[in-house]
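Chains as they are written, first to last, in this note's numbering: chain A, 1 to 138; chain B, 1001 to 1388.
Take a look at the structure set out below.
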Amino acid sequence: MNAKPRLPTLEPTTGRETKPFWDALSDEKLMLPRCDTCDHVVWYPRQFCPVCHTMGVSWFEASGRGTVYSFTVARQAFGEWKAVVPYVIAYVELEEGPRVLTNIVECDPDQLAVGDRVELRVDRSPDGAGVHRFAPVS
Amino acid sequence: MTIRGQAHIAGAFEHPRREIPDLTIPQIHAEVATGALADAGLEFDDVDGFFTDSMVPGWSPISMAEYLGLDHLRHFEMTESGGSSYLMHVGHAAAAVAAGKCRVALITLAGTPRSDRGRMRGGGSMGPESQFEWLWGSTGPVSQYALVAQRHMYEFGTTSEQLAWVKVAASRHAKHNPDAFLRDEVTVDDVIASRMISDPLHLLDCCVVTDGGGALIVVSSDAAAGLDRRTVPILGHGEAPKHMHDGRIDLTYTGAVWSGPRALEEAGVTVDDIDYVSIYDSFTITVVVTLEDLGFCEKGKGGAFVADGALESPHGRLPFNTDGGGLCSNHPGNRGGMTKIIEAVRQLRGEALAPVQVPDCELALVHGTGGSLGTRSGAATLVLGGGS
């Protein structure tokens, strides 16, 4: 059902600490870890809380909404990205707090602005893994 | 304990070439070590401390020590912080000298990214964060520093014209430097008209890619007293890592907010006392945000501060990077910290090129930025005194 994504969508490397994050994306869900001790929403995903320095997190589904904290339009790129310039690399500030690196898709790069509201898009790698991108809220 | 005045830079050498396809990396280390030792009036056998970076071929700094024939080492280290590593090495060498752990420290850098272009680049090992950062088509440092520039423009109204003034000043210095990679003077309009690489950074907002290297000799005060050469006292040093802070990264400031005050306090001076600055200039935005964080101007006013020739030597309000910096002269091994220190040493010895020598230059501040301001970076600041 998923169309081939416009941007190269590589197979994410997953690890023992981060498998729940990537597994959830394959189900079209953005799950974030929350510290069991202090309730802090941890980013990047891991099983250790860097705020209160304790082990143990629980995963919850994020809203998938956020705003553009900063972005750049890549006009010159390497490898398979060469063919898809211009494309947008951005920090999206999620409603839950973290600022995450990602791409903004389904947009005119020249019209995008800091502060724009965006929502989750899940692109699929050739092997079907989900990767989190964002698109402007229409 | 303080390092203030306990150690001196006695020798400095910048490899004169910018494209070196015919030499190996160890050969370049050997050439710059030889040059810096000769500059200080010292011999390889005098060296008892050795500092280099993780790009050095072989296992630990010991492989390179073996290649160079450093047979009397009693202190060595490999602090790695990208382009700012060499400022940290100077600070650590001064501390080691002050603690009596060594007396003559050699610091070396060599790299050939220009000749190696197209070959496999060293990427370092994957960090626990990498899986969340490598999927988005990063075009390297330029796309990450562009995120910093974009946010700075959004929060403070900084303009591309203001950023361009940084490059203009560097080019007006570089035209006097026969070794500079780019010697043509450029205008603000030239920068704005140059190709957009990663919005809002244009081609001429970016530093050069060059082969090269450099070396420094840090010695104890006792050792300095026995040398004929004018030596430069190390007055203060500060360093600080800045990371993404649990995904709440704030792109508007750098680790200079911590390293700068530490170095100035140790030196017992303020920014108003500084005659010359070497500021890491991987991109024009790097200079603007760093000057703010060091306290040369208010946060957000860096764009206005650098405009209209403020950074030009000798008549600007804060002469900077008088060799042409990374933007025009040299960025050996993609690491600009070494050449920043070397140009400050030239200024303090009164040996900068005549048209750009700062008159009565007695106090210099050097700042290095390693890694990426868009993700995680290492800041290091040195305060250096007048030659003696």
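Beta carbons: idealized from backbone N, C-alpha and C, even for Gly.
* Asked: For A/Lys29, which residues of its own chain have a beta-carbon under 7 Å away from its beta-carbon, when the five flanking residues on both sides are left out?
  -> Glu61
* **Chain-ordered residues of the segment 55–80 of chain A with a beta carbon less than 8 Å from chain B** => Those residues of the segment 55–80 of chain A that come within reach of chain B (Cβ to Cβ, closer than 8 Å) are Tyr69, Ser70, Phe71, Thr72, Val73, Ala74, Arg75, Gln76, Ala77 and Phe78.
* Asked: Does the beta carbon of A/Leu10 come closer than 8 Å to any beta carbon on chain B?
  -> yes
* chain B residues whose Cβ lies nearer than 8 Å to that of A/Pro136 -> Within chain B, no residue comes near A/Pro136; the closest Cβ sits about 16 Å away, beyond 8 Å.
* To do: Would you list the one or two residues that DSSP bridges to A/Asp123?
  => A/Val131
* Go ahead and pull the three-state DSSP assignment for B/Val1047. => coil
* Classification of B/Val1383 by the beta-carbon crowding that lies within 10 angstroms, buried from 16 upward -> buried
* Asked: Quick one: Cα of B/Asn1177 to Cα of B/Thr1322, how far?
  -> 9 Å
* Proximity to B/Gly1236 [Cα-Cα], best of B/Ala1095, B/Asp1250 and B/Leu1147 -> B/Ala1095
* To do: Taking the CB atoms as reference points, tell me whether B/Leu1216 and B/Ala1030 lie closer together than 8 Å.
  => no
* **Between the CA atoms of B/Gly1005 and B/Gly1122 - distance to the nearest angstrom** => Residue confidence for B/Gly1122 is low, a pLDDT of 48 falling below 50, so the modelled location carries little weight; the figure read from the coordinates is stated next. Looking at the two C-alpha atoms, the distance is approximately 38 Å.
* Asked: Roughly how many whole angstroms lie between the Cα atoms of A/Ala113 and A/Gly79?
  -> Per the coordinates, the alpha-carbon of A/Ala113 lies some 27 Å from the alpha-carbon of A/Gly79.
* Own chain partners of B/Met1088 with C-beta closer than 7 Å, once the 5 adjacent residues on each side are dropped -> Thr1079, Ser1081, Glu1239 and Ala1380
* Residue of B/Ala1352, B/Tyr1145, B/Phe1076 and B/Ser1060 minimising C-alpha distance to B/Leu1106 -> B/Phe1076
* To do: Closer than 9 Å by beta-carbon distance: list the chain A residues that pair up with B/Asp1293, in chain order.
  => In chain order: nothing, as chain A lies at least about 18 Å away.
* Near-chain B residues of the segment 35–57 of chain A (beta-carbon distance less than 9 Å), N- to C-terminal order -> His40, Val41, Val42, Trp43, Tyr44, Pro45, Arg46, Cys49, Pro50 and Val51
* Report back the beta-carbon spacing between A/Pro98 and A/Val41 to the nearest angstrom; my notes put them in contact at under 8 Å. => 6 Å
* So, is B/Gly1140 buried or exposed, given that buried needs 16 or more other C-beta atoms within 10 angstroms? -> exposed
* Taking the continuous alpha helix (DSSP H) assigned at B/Ala1304, which residues delimit it? -> Gly1302 to Val1306
* Asked: From B/Leu1204 to A/Thr54, what does the alpha carbon distance come to, in whole angstroms?
  -> 46 Å
* Closest to B/Val1188 by CA distance: which of B/Asp1179, B/Gly1058, B/Phe1013 and B/Glu1161 is it? -> Closest option to B/Val1188, judged by alpha-carbon separation, among B/Asp1179, B/Gly1058, B/Phe1013 and B/Glu1161: B/Glu1161.
* Is B/Ile1217 close to chain A, meaning its C-beta is less than 8 Å from at least one C-beta of that chain? -> No, its Cβ sits nowhere closer than 8 Å to a Cβ of chain A.
* Asked: In three-state DSSP terms, what is A/Lys19?
  -> Helix at A/Lys19.
* Which residues DSSP lists as bridging B/Phe1013, in chain order -> B/Ala1215, per the DSSP bridge assignment.
* Asked: Does the count of Cβ pairs from the segment 113–132 of chain A and the segment 1020–1030 of chain B closer than 8 Å reach three?
  -> no
* Residue range of the beta strand (DSSP E) that includes B/Gly1378 -> First-last of the beta strand (DSSP E) with B/Gly1378: Ser1377 to Gly1385.
* Asked: So B/Ala1110 is in the beta strand (DSSP E); what residue range does that whole segment cover?
  -> Val1104 to Gly1111
* What in chain B is Cβ-close to A/Val114, meaning under 9 Å? -> Gln1150, Arg1151, Met1153, Tyr1154 and Glu1155
* To do: Check whether the segment 1322–1334 of chain B touches the segment 1190–1208 of chain B, taking contact to mean three or more Cβ pairs, one atom from each stretch, closer than 8 Å.
  => yes
* For B/Ala1344, collect the residues of the same chain with a Cβ closer than 7 Å to its Cβ; drop the 5 residues on either side in sequence, then sort them by chain order. => Tyr1276, Ser1278, Ala1364, Val1366 and Leu1384
* To do: For the alpha helix (DSSP H) holding B/Glu1066, just list the boundary residues, first then last.
  => Ser1060 to Leu1068
* Residues in the segment 82–107 of chain A with C-beta within 7 Å of chain B's C-beta atoms, listed in sequence order? -> Tyr87, Ile89, Tyr91, Gly97, Pro98, Arg99, Val100, Leu101, Thr102 and Asn103
* **Cβ neighbour criterion (16 or more within 10 Å) applied to B/Met1055** => With 16 or more other Cβ atoms from the protein chains shown falling within 10 Å of its own Cβ, B/Met1055 counts as buried.
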